[in-house]
Structure formats: structure tokens, C-alpha cells
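If you read the protein sequences in the order shown, they are chains A and B. Mapping of the first sequence onto our numbering: residues 1 to 255, in sequence order. Mapping of the second sequence onto our numbering: residues 256 to 517, in sequence order.
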Amino acid sequence: MVRLFYAGWLFHLKNLSNSLFFVLISVLQPVIFASIAFFMYRSGQRPGTLLYVALGAGLMGIWSSTLFGSGGAIQWQRWQGTLEIVVAAPAPFLLVLVPLTLATATIGLYSIVTTLLWGRVFFGMPLAFAPPLQLAVALPATVVSLGLMGLLLASTFVLYRQASAFSNLLEYPVWLATGLLVPLSLLPGWVTWISWGLAPTWGIKAIRSAALGGGDAWGAIGMCVALGVVYLILGAVFMKNFERLARRRATLSLT
Amino acid sequence: MTSALRVFFVGGTISYRALFNWIRPGMYVTTMLGSPLFQILFFTYLGRYTRNEDDTFFIVGNAVQVAAMSSIYGMVMGIANERQFGTLSPLLATPANRLALFLGRALPFIANGLVVSAFGFAVSWALLDFSLARSDLPALALIVLVTTVSCTALGMLIGSIGLRARDVFFAANLVYFLMLLFCGVNVAVDDLPGWMEAVGRALPLTHGIEAAREVASGAPLGDVGGLVATEALIGLAYAAAGYVLFRLFELEGRRRASLETF
Numbered sequence: 001m002v003r004l005f006y007a008g009w010l011f012h013l014k015n016l017s018n019s020l021f022f023v024l025i026s027v028l029q030p031v032i033f034a035s036i037a038f039f040m041y042r043s044g045q046r047p048g049t050l051l052y053v054a055l056g057a058g059l060m061g062i063w064s065s066t067l068f069g070s071g072g073a074i075q076w077q078r079w080q081g082t083l084e085i086v087v088a089a090p091a092p093f094l095l096v097l098v099p100l101t102l103a104t105a106t107i108g109l110y111s112i113v114t115t116l117l118w119g120r121v122f123f124g125m126p127l128a129f130a131p132p133l134q135l136a137v138a139l140p141a142t143v144v145s146l147g148l149m150g151l152l153l154a155s156t157f158v159l160y161r162q163a164s165a166f167s168n169l170l171e172y173p174v175w176l177a178t179g180l181l182v183p184l185s186l187l188p189g190w191v192t193w194i195s196w197g198l199a200p201t202w203g204i205k206a207i208r209s210a211a212l213g214g215g216d217a218w219g220a221i222g223m224c225v226a227l228g229v230v231y232l233i234l235g236a237v238f239m240k241n242f243e244r245l246a247r248r249r250a251t252l253s254l255t
Numbered sequence: 256m257t258s259a260l261r262v263f264f265v266g267g268t269i270s271y272r273a274l275f276n277w278i279r280p281g282m283y284v285t286t287m288l289g290s291p292l293f294q295i296l297f298f299t300y301l302g303r304y305t306r307n308e309d310d311t312f313f314i315v316g317n318a319v320q321v322a323a324m325s326s327i328y329g330m331v332m333g334i335a336n337e338r339q340f341g342t343l344s345p346l347l348a349t350p351a352n353r354l355a356l357f358l359g360r361a362l363p364f365i366a367n368g369l370v371v372s373a374f375g376f377a378v379s380w381a382l383l384d385f386s387l388a389r390s391d392l393p394a395l396a397l398i399v400l401v402t403t404v405s406c407t408a409l410g411m412l413i414g415s416i417g418l419r420a421r422d423v424f425f426a427a428n429l430v431y432f433l434m435l436l437f438c439g440v441n442v443a444v445d446d447l448p449g450w451m452e453a454v455g456r457a458l459p460l461t462h463g464i465e466a467a468r469e470v471a472s473g474a475p476l477g478d479v480g481g482l483v484a485t486e487a488l489i490g491l492a493y494a495a496a497g498y499v500l501f502r503l504f505e506l507e508g509r510r511r512a513s514l515e516t517f
């Protein structure tokens, strides 16, 4: 089981890293958005926010790669003709899919690295992090929780033929509603309720608290883990239902 | 002449409708209307937090820029998809007027861009208390039209490159995002470093957005005539470059028998 998980994760990581589209959304797009935000912060004379922006833009990249990667995961398997094979394999389908959705979130780590390098090289941003242990835990916790959120997306988007349209639609709202660059206090109160159910909200809190100091990093990491478990349970239920219906109706390979 | 006009209008319409072979109305609504709506909200709220400009700055910048979504992606698909879908060779085997063929594809995307931009302004009025004097509307509509045409010309250029390049959609995505940074959509071009400002001023959109902002703040059309003319000239230059590349790649593709090879 561990071998299956690791081999799947590594395979998809390499596969996605070779895709120009994922290079764009996990490397170039975050740098472009970080630059826009930085110039906006600078001309608005908001002090000491470069690392804040770099981390927020980095997490925007993780969300984009998870959204587009996981949202289209099953559809891509269909187009490539591999869906029947992986469903028919003795290994549970969930164990094949989770490494894929985790890989889509993992390549988002390129975003964090790129935006930090961007800040360091072009703007002389100091990379002095508060307790490194917290950051070392916060980053993987965030990636895993987003990867499991990707599983939930994959298991629900599969019901819709136009899943990529949902992906296009959901990129900005989640950037906005999770406080990646805009504090939640600025948004209408009901947005905060939604944000509590979204892993990036807690991921950015954990990463920022760990990197900048202040805030409850461990509490946010705990919320990432808790939400990850909820996503996994819901994703497993939805996926089981999808698999059962697709087998019964013989619609597995239909696009 | 009649035949060229038919190719221009009918060919362009059929090419646009062909996109709906795979773009369903649901996808159109979420991508072309949903995504711009949230882009406007995102940058307006970010602007409220950074306090570098007022809401109008971001609303006008983004509501004009979202027209580029149709202009660039649509135009790229309108030209480059012929190669992807294997219809390029039959198309270029016809004696159809190439200029009519090329320009006709732009018309639906220009109309589409105008709709998207108008939607952006309308939702900003509904959700962000954006207001505009009724007398400014015709001038703003003209500016958005010129800017959309200009962005479509850039889409033509990228689409023409798609007759040769392997992954032109990467270029289209990259250009679209770079326009957000370089064209003064959310940061005034004067506030960018000199080289970025120079790049931005050579791109479509920049002058159009500047003109739209001035009109939205009450300036008459006459005051922004220079900006609008510059935007139009930039568009013309990109359209000419796009057409030259289109012809060049057609001739090269025929000579090397590589029209649809990747």
C-alpha cells in the first residue's frame, strides 16, 4: 500500500512537472500575482508586507494547481483511456486517486519556493523565519489538506462534464475568501463562515504564523489536519458512489 | 468582393460557433462571466486593503481588461484550433481571400469581448456601488470597443504563431496574465519600473484603460483622443504583424508540407 501510494505520488509529480500548463500556474502565475500585489502594497505604502505577499501568492499557486489538477483528474484519466484500467485494478480506486490529488497540491510548493526566491532576488526580501520547526510542519500539513480537498473536488466534479468550467470559476473566489492577500475582516461577515471550511484559510494562517511569528500556528495546523480528515471521508464516500454508479450504468469511459 | 464579404461574415460566424463544439453554454457563462466577476471583486477588495487607489480605478481597469479574455483566448482558438482539429489544410486549400478569412474570425470575439466588459461594469454597479454619468457611456463604449479590437489584434498575432508553435495556449495564458501586470490594470503604469512601463506602453490595453479611467472620472472624449488613437494604432500594428505571420506560416507550411505536423 505504501509502495502504491509513493509510486503514484512520484509518477504524477513528475508527470505534472512536465506540463507547461502546470509550470505556468504553479511558477509563473504566482510570481505575476505577487508582483502585482507587491506594487499595489508599495504604492499604498503598506509597510513590511513583502513576505506576507510572497507567502499569500505562493499559496494562491498551490490552490490553482490543486484546483485544475484535481478538478480534472478523473476527466483526464478518461481522455487518456486509463480510467477503466485503474478502476478495474485490485487496488482500491481511492488509493490510486489520493496520490494524484496530493501530487497536484505538492507541485504547488513550487509556488512558495518561487515567490520566496522572487522576493529575495528582485526585492531583497529577508528570509528570516521565526521557529523553523513550525514552518516545517505547517507546509506539509497545508499541502496534504489541500490535496485532500482536491480529492473532494475530483469526486464531485466527476459528475459534471464541464468540470474545467468550475475550475475556472473557483480560482478567484477561493483566493478571495481564504484571506490569501486580502484580510477576511475586509469582506462581508458571511464570507468568514465559508472560509472556515476551506483548507487554504488555515494553511495560510499556519504558514504566516510560522514564518512571521505571532498567531496560533499549531491551532491552524490542527485545523488543516481536521479539515483534511473531513475531506478524505467525504471524498471516499463520493468516490465510492461514483464508482458504483459508473460500473452499474457502464458509463465509466463516457466523456 | 461579395465572396470576400461572405468569407468575412459567414466564415467568422461558423468559426465562432465551432468553438461551441466543445465550449458549452454552461462553460461559457462560468468562464466568460463568472471568472471576470470574481476577478473584479478580488482586485477591488485588494485595492481597498492596499489603499493605493479608489474602487473606480480597479473596477474600470479590470472591467476593460476582462474583454481581453475573449479577445486573446478566443482569437487564439479561432486560428490555432484549425491546426489542432486537423481542418487547417482543407481551409487553406480553398481560394478564399486570406485577409477576409483572417479578419472575419475577429468579429465575433470583439462582440463577445464587449459583452464581457459590459457585464463587468454592470456587476460592479450592482455589487460595488460603481457609478457612471449617463453622458459618459457612449465615450466609454467607444474606448472599450477600440481596446477590445486592439486586444483581438494581439490574439491574432498569438494565434498566427500557433500555426507553427507546439503549445500556443501556454503563450496565450502567459500573455493574458502578464497584461494584468504590465498594462496598468491594477497598478498605474507610472508606478511601475521604467522598463515595465515601456513594455506596457507597447502593448494593447494600456492606453485604452488610461482613457477609460479619465472618461469615468468625467473627462470628455476629446481630452482622451490621443490615448484612443494610440490604442488603435497599436492594435493596427499587431493585426498587421499577425497577418504577415499568418501568411508566412501558410507559405512555409505549404513549402515544407508541415501545415498540421507538430
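From the three backbone atoms N, C-alpha and C, an ideal C-beta is built for every residue, glycine too.
- A Cβ-Cβ distance of about 6 Å is found for the pair L55 (chain A) and A211 (chain A), placing them in contact under the 8 Å criterion.
- For secondary structure counted as the alpha helix (DSSP H) over 4 or more consecutive residues, the segment 457-517 of chain B holds these complete runs in sequence order: 461-471 and 480-511.
- A check of alpha carbon separations from G267 (chain B) across B:L346, B:V321 and B:A322 identifies B:L346 as the nearest.
- Closer than 9 Å to the CB of Y493 (chain B) there is not a single CB belonging to chain A.
- Between D446 (chain B) and F38 (chain A), the CB-CB gap reaches or exceeds 9 Å.
- Among the residues of chain B, those whose CB is under 9 Å from the CB of W175 (chain A) are F293 and F297, following chain order.
- C224 (chain A) carries a helical assignment under DSSP once its states are collapsed to helix, strand and coil.
- At the C-beta level, G8 (chain A) and A103 (chain A) come within 9 Å of one another.
- Boundaries of the alpha helix (DSSP H) harbouring F432 (chain B): V423 to F437, taken from the DSSP string.
- When C-alpha distances from Y283 (chain B) are compared across B:M324, B:G302 and B:L301, the shortest belongs to B:M324.
- Ranked by how close their Cα comes to the Cα of V483 (chain B), the residues B:E469, B:V442 and B:R261 have B:E469 in first place.
- In this structure the segment 18-37 of chain A touches the segment 419-433 of chain B; the number of beta carbon pairs closer than 8 Å is three or more.
- CA-CA distance, G439 (chain B) to G81 (chain A), rounds to 44 Å.
- The C-beta of R389 (chain B) has fewer than 16 other C-beta atoms within 10 Å across all chains shown, which makes the residue exposed.
- Look at L24 (chain A): its C-beta is under 9 Å from a C-beta on chain B.
- Residue state for E308 (chain B) is assigned as coil, using DSSP reduced to three classes.
- Taking 9 Å as the cut-off, the Cβ atoms of L409 (chain B) and P459 (chain B) count as close.
- Taking 9 Å as the cut-off, the beta carbon of R353 (chain B) is found closer than this to the beta carbon of F501 (chain B).
- Taking 7 Å as the cut-off between beta carbons, the residues of the segment 424-456 of chain B near chain A are F425, N428, L429, F432, L433, L435, L436, N441, V442, D446 and L447, in sequence order.
- The C-beta separation of I107 (chain A) from S65 (chain A) comes to about 5 Å, placing the pair in contact by the 8 Å criterion.
- Taking 9 Å as the cut-off, the beta carbon of F11 (chain A) is found closer than this to the beta carbon of P99 (chain A).
- Here the segment 166-178 of chain A lies against the segment 288-300 of chain B, with 3 or more beta-carbon pairs under 8 Å apart.
- The continuous stretches of alpha helix (DSSP H) do not include A89 (chain A), and DSSP gives it neither H nor E.
- Where T142 (chain A) is concerned, the enclosing alpha helix (DSSP H) starts and stops at P132 to F157.
- Linking R360 (chain B) to S17 (chain A) through their CA atoms gives a straight-line distance of about 34 Å.
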